[in-house]
Ligand code: UT7
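In my numbering, the protein residues as written are 1 to 314.
1) Could you tell me whether the segment 220-230 touches the segment 193-211, using the rule of 3 or more Cβ pairs below 8 Å?
2) Can you give the beta carbon distance from residue 216 to residue 183, rounded, assuming they're within the 8 Å contact cut?
3) With DSSP as the reference, identify every bridge partner of residue 128, one or two as the case may be.
4) What number of angstroms, rounded off, separates the C-alpha of residue 185 from the C-alpha of residue 123?
5) From residue 121 to residue 7, what does the alpha carbon distance come to, in whole angstroms?
6) Where does the unbroken beta strand (DSSP E) through residue 17 begin, and where does it stop?
7) Can you name, in chain order, every residue of its own chain whose Cβ lies under 8 Å from the Cβ of residue 177, other than the five neighbours on each side?
8) Check for me: the beta strand (DSSP E) holding residue 140 runs from which residue to which?
9) How big is the Cα-Cα spacing for residue 100 and residue 237?
10) Less than 6 Å between C-beta atoms, sequence neighbours within five positions excluded: which residues of the same chain meet that for residue 274?
11) To the nearest angstrom, how far is it from the Cα of residue 320 to the Cα of residue 196?
12) Spell out the partners DSSP gives residue 295 in its beta bridges.
Here's what the structure looks like:
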């Protein structure tokens, strides 16, 4: 017991659209190659929008949709690795923008593309001891800031955006039972920190792809096992949007019918820590996540990290 459920969601995307055709004028690539290998047709790229502005906008919508006000929030977490500043954290900027109470626990979490799963688990732990029972869990990344725009193997993959979930904690609710892990690896996906000679993101795509094909089923199996359920008992599967082929292979393996999972990578690319909450907010808007929906969330990414959880709506 001692668990959280999602009560409201929101998202904020930069206005500027960068299509595969646009990219094919910058590097040696094509819409056919990108769409065929990844499912991506376009992505959003931040222009005037700031990281903290997108976080705040997504969080405000999530609170509104949850019927909550900022003074009810006790924990505010931002999963990210591309915040405007290392100090203050993005979460501190959300505290200021929304006017969250001064005793709100605010911190950023870097688990790369798995960040939202890590943040949900952390929120569940922190809310058990927080002054108020509601929390904000935000995923936001502006990978356009760390992309080498001359590297065709990475610049076609990522997009910018933010998604947020307003969560509620109750002692009588079951835990989301998150399974999280890491295999310290600093070569497959790497982005050096400030002060390093080269601060661009680099990736060994095929190796990450292979890792994802193992990590996704591993997470699904562990989550199902932990909750004593089968894949048929899950109402909706929400996958990190890294590559449509990875998602389709998982759906095939678990015989997940098309109405129980969704991809939006076509429009946004891989938005890293934001991909799961952006998708959640779209699904909620379409009325696909009524109260009582049980979703199995799965993420994976740099680190290498992975995570899964069974999350309900209320
Ligand atoms: O969020 C978690 C982190 N990321 C991921 O999950 C990404 C996982 N990896 C992938 O999705 C795939 O590995 C990619 C989409 C990145 C690449 O697809 P791939 O099928 O693994 O391609 P590849 O890296 O094996 O490259 C195949 C060929 C190479 O040419 P040669 O050596 O066969 O002549 C590349 O140089 O495709 C070439 N290539 C491109 N061609 C056109 C690489 N990028 C491009 C490009 N356009 N953008």
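The beta-carbon is built from N, C-alpha and C at its ideal position, and this holds for glycine as well. Quick caveat: nothing in here was measured; it's all calculated off a predicted structure.
According to the structure shown:
1) no
2) Residue 216 to residue 183, Cβ: 15 Å. No contact.
3) DSSP lists no partner for residue 128.
4) Straight-line measurement puts the Cα of residue 123 at about 26 Å from the Cα of residue 185.
5) 16 Å
6) 16-19
7) 223, 226, 227, 309, 310
8) 134-142
9) When rounded, the distance between both Cα atoms is 32 Å.
10) For residue 274, where only same-chain residues beyond five positions count, the Cβ hits under 6 Å are 139, 140, 141, 161, 162, 163.
11) Nothing in the structure corresponds to residue 320, since the chain is present only between 1 and 314.
12) Residue 295 is bridged to 236, 311.
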